[in-house]
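Per this note's numbering, the very first residue in the sequence shown carries number 26; after that it's consecutive. What follows is a set of notes on a single structure, which appears directly below.
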Amino acid sequence: MATLQIALTVAGLDPQPFVVVDYQGDECLSHQAGLNGNPVYGFQYEVALASRHTDITPEQVVDKPVQLTLWRNGELVKRVQGIASAFSQGDIGHHFTRYRLTLVPALYRLSLRQNSRTFQHQTVPTILETLLTEMGVTEVSFSLTRDYAEREYCVQHRESDLAFFHRLAAEEGLVYHHEHDANTHTLIVTDAPDSLPQLERPVPYNALSGGRIDTPYIYGLTRHTAAQPSHTALKDYSFKKPRYSFQQAAQADGIDYQRTDSYEHFDFPGRFKDDATGQAFNQTRLEYLRREAEHTNGQSNEPALRAGYRFTISDHLDERVNQAWQVVRVHHQGSQPQAMEEEGGQGATTYNNQFMLIPATTPWRATPTPKPQVDGPMIGTVVGPDGEEIFCDEHGRVKVHFPWDRYSNGDDKSSCWIRVAQGWAGSQYGMMAIPRIGHEVIVSFLHGDPDQPIITGRTYHATNVPPYTLPAHKTKTVWRSESHQGEGYNELTFEDQSGSEQVYLHAQKDWHTEVEN
């Protein structure tokens, strides 16, 4: 029978003071809930430790690189590299002091910073790389099969870097897992199952799991099939193409076991402004909704089964099972009671896992993270290039600096072009008043979406004051404009004070009246 050994090392500790008593670990494609319901960002291990040292401090362990290893007959069969996110001291016994350590990927660090910022004209992979680099996660590899469109305006709104990372990745159909070597762990981001690594050899199925077999095996398989939405339809709107529907649809294949005519998932807005992006988003949504329509649960003592890996099952009586699968979730358990033998611990080291598989060719899509909703209007300041007073595009849109944007320079690159609501807007008729640089505006958001601002009002403040002092002139209704790059103004004022009623019209230069009979 094979002999197992579990070990753990912490960078900077010499000699290594810990022995592993047991561990529970969850691994998953992207972010999922672990066996205990807590969120897992690729992987998380809870490790029970013992040491003859009573004085090991959190400063020596927390946020330090950690390696957990499993050995079989003296050969390394599993390695987990990560960082210690938490460390605690338990009972102090006659020979040993108990400790616990939480082992997570460096990606976890993104959960510890919350931010609000904007990204302009960047693809999602580029934005993700920025987030990772800023938090020191440098061991990253992107394995992508398609091109990604630039996002004109993408806002991180009062959310952690990790929540923002997960939200954007899920929208684009990106998933991640980790690979481990002798020195570090690498975050692998991909968009297709063909990019996932493959185990070199099949893993046999053994229904008689109680026997003593030296070769690791799988047992206790249960196959599940469930009815899920059969097709999706997403729709959106763009003011640049107001009569175009932007509707996209996708239909699942190979689902003869369920109805296909009415199980439709429809959503609006679809969060896209062109057909190519809409098609990709729609397909990703369908693949997410159907990701567990056909899956298999099981157990094994094969430590090579890791989330994000593909492998082949062999020796099952049902040939439909003897195919290629991908691991989307696995819970690892290791126990080494003899590490505490001086305090009564006994028994051999054991390892087993419980897993969930889907067919190797089925794309696994991460759970969409809800986009933060802006819970009300915001104040902004109209901005533009130096030397300008009025800065707009052909649609009358302007640029705005938001007080929360710490990265903005308060110039013409502070935001996307933002539409301005007017009091009346028809086809070549209506009202038009462009907010000028320095004006304070009220910005609302379509569907509460921080990526879709629209100016719905303007306000005075302590330095931008009304044209007449208040409340002394509270009976005046005033329209006053200011000469562009000059000192003059045009004005139309109604004085409504009883006994002093007046209509006042001032033209700074020319007054032209045209009357058609």
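No residue lacks a Cβ here, since even glycine has one placed at the ideal position from N, Cα and C.
Would you call the region 123-136 and the region 145-165 in contact, with 3 or more CB pairs under 8 angstroms?
yes
Could you pull the start and end residues of the beta strand (DSSP E) that Q358 belongs to?
349-360
What distance in whole Å lies between the Cβ atoms of F336 and Q223, which are believed to be in contact at a cut-off of 8 angstroms?
7 angstroms
Just list the beta strand (DSSP E) runs in the region 133-160, keeping only unbroken ones of 3 residues or longer that don't cross its boundaries, in chain order.
139-144
State the CB to CB distance for the pair V46 and A373, rounded to an integer number of angstroms; the pair is presumed to be in contact (CB under 8 angstroms).
Not a contact, Cβ separation roughly 14 angstroms.
So what's L199 in DSSP terms, helix, strand or just coil?
coil
CA-CA distance, S270 and T392?
27 angstroms
Kindly give me the distance between the Cβ atoms of S440 and Y66, rounded to whole angstroms, as I take these residues to be in contact under 8 angstroms.
Wrong, their Cβ atoms sit about 31 angstroms apart, outside the cutoff.
Q510 - containing alpha helix (DSSP H), residue span:
No alpha helix (DSSP H) contains Q510, which DSSP labels as neither H nor E.
Below 7 angstroms CB to CB, which residues in the same chain sit around F291 once its five sequence neighbours on both sides are set aside?
A258
Using CA atoms only, rank isn't needed, just tell me which of F416, W429, R461 is closest to H182.
W429
Among L221, T302, D281, which residue has its Cα nearest to the Cα of A274?
T302
Residues sharing a beta bridge with Y432, DSSP
Y432 pairs with nothing; no bridge assigned.
Would you decide whether W389 is buried or exposed? Buried here means 16 or more other CB atoms lie within 10 Å of its CB.
buried
Okay, do the region 272-286 and the region 237-257 touch, 3+ Cβ pairs below 8 angstroms being the bar?
yes
How big is the Cα-Cα spacing for P395 and R192?
7 angstroms
Report all residues from its chain with a CB closer than 7 angstroms to the CB of H486; omit the five preceding and five following residues, and keep chain order.
E465
If contacts are defined as beta-carbon pairs under 8 angstroms, then I467 and F416 qualify, I think. What distance do you get, rounded to the angstrom?
That pair is no contact at about 19 angstroms.
Does the count of Cβ pairs from the region 93-110 and the region 192-207 closer than 8 angstroms reach three?
yes
Here's the rule I'm using: 16 or more other beta-carbon atoms within 10 Å means buried, otherwise exposed. How should H78 be labelled?
exposed
Ends of the beta strand (DSSP E) at Y70?
64-76
Given a cut-off of 8 angstroms, decide if E520 and Y529 are closer than it, judged by their beta-carbon atoms.
yes
Taking the alpha-carbon positions, what's the M403 to V445 distance?
14 angstroms
Spatial neighbours of G37 within its chain, please: C-beta separation below 8 angstroms, excluding the five flanking residues on both sides.
Q85, K89
First and last residue of the uninterrupted beta strand (DSSP E) at Y376
375-384
Candidates L314, E197, F427: closest to A251 by CA position:
L314
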